[in-house]
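Quick note on numbering: the sequence shown equals residues 1 to 160 in full-length UniProt numbering. Taking it in order: structure first as structure tokens, then the write-up.
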Amino acid sequence: MKINNLNAMEITQLDQAGLNLIKQFEGCILHPYLDQVGIPTIGFGQTYYPATGKKVTMQDPAITQQQADDMFLVMLKPYELAVYSTTRDDITQNNFNALVSLTYNIGTAGYKTSTVHRLVNEGISDERLQAAFLMWNKAGGKVNQGLVNRRKKEYQVYIS
């Protein structure tokens with residue numbers, strides 16, 4: 001939902017702090033591994049190769065750091081677009097960074113239908129928004145402390 005705010009600077013991509021936020025939580029592993037719910041993953045949390053659309057398998061060869069960095073930048077685009085195209089246009093860079101980090105982790109459909117998305121578009125940033133971030137704390141149906149920590153950090157970035 002875009003609001004009519006002619007003085008707003010529309011932010012369309014992560015800045016370096018936003019890139020670092022996601023990289024911090026995702027980590028980078030250059031060989032295939034199983035994520036917390038058993039999905040083959042590589043690089044910064046990629047489950048498929050953006051150039052081909054091929055899913056990562058445990059038999060795939062390792063990638064280089066440069067390949068991981070390049071894949072990460074390509075993979076970010078749909079997440080940035082989901083936040084940019086469906087979120088009010090008066091958000092700050094920190095707001096955008098936090099929302100893209102969340103979206104990168106929960107998916108574009110998850111973000112667009114989330115309470116976080118609704119509250120942000122209503123201009124709410126108080127404890128209700130914090131609680132909405134913290135709702136996304138499960139992996140495989142179980143509360144995951146890493147996700148709790150990530151959501152707390154994303155909310156702190158959002159309000160800073």
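Cβ atoms here follow ideal geometry from the backbone N, Cα and C, with glycine treated the same way. Note that the structure is predicted; figures quoted are calculated from it, not measured.
Pull up the distance between the alpha-carbon of residue i and that of residue j, whole angstroms please.
i           : j      : result
residue 199 : Trp136 : Past the edges of the chain, shown from 1 to 160, lies residue 199, and the structure says nothing about it.
Asn5        : Leu14  : Low per-residue confidence applies at Asn5: pLDDT is 48, beneath 50, and the placement is therefore not dependable, though the value from the model is reported in the following sentence. One C-alpha to the other measures close to 21 Å.
Gly107      : Ala139 : 13 Å
Glu80       : Ile124 : 21 Å
Ala68       : Glu10  : 28 Å
Leu30       : Lys54  : 17 Å
Asn20       : Ile91  : 19 Å
Thr57       : Gln36  : 15 Å
Ala17       : Lys23  : 10 Å
Ala62       : Leu73  : 18 Å
Gly146      : Ser114 : 20 Å
Gln65       : Arg88  : 35 Å
Glu122      : Gln130 : 14 Å
Pro50       : His117 : 26 Å
Pro78       : Cys28  : 20 Å
Gly38       : Arg128 : 32 Å
Val157      : Ala109 : 22 Å
Lys142      : Val148 : 11 Å
Among all the DSSP beta bridges, which residues are the ones paired with residue i?
i      : result
Tyr33  : Thr41
Val143 : Lys138
Lys55  : Tyr48
For residue i, count neighbouring C-beta atoms within 10 Å of its own C-beta (all shown protein chains included) and say buried if the count is 16 or more, exposed if not.
i      : result
Thr41  : buried
Val100 : buried
Gln46  : buried
Ala82  : buried
Closest to residue i by C-alpha separation, out of the options, would be which residue?
i      : options                       : result
Leu76  : Leu102, Asn95, Thr92          : Leu102
Asn95  : Ser85, Leu21, Ala132, Ile159  : Ile159
Tyr104 : Arg151, Glu10, Val143, Met58  : Arg151
Ala132 : Val143, Lys142, Leu119        : Leu119
Tyr84  : Lys112, Met71, Asn149         : Lys112
Tyr155 : Asn144, Gln93, Leu134, Pro78  : Leu134
Lys153 : Met71, Ala98, Ala51           : Ala98
Phe44  : Asp126, Met71, Asn149, Glu127 : Met71
Tyr33  : Asn144, Gln59, Thr12          : Gln59
Thr12  : Thr86, Gly141, Val143, Tyr49  : Thr86
For this session: Jot down the residue ranges of each uninterrupted alpha helix (DSSP H) in the segment 101-136, minimum 4 residues, whole runs only, in chain order.
Result: Runs found: 108-112, 115-121, 127-134.
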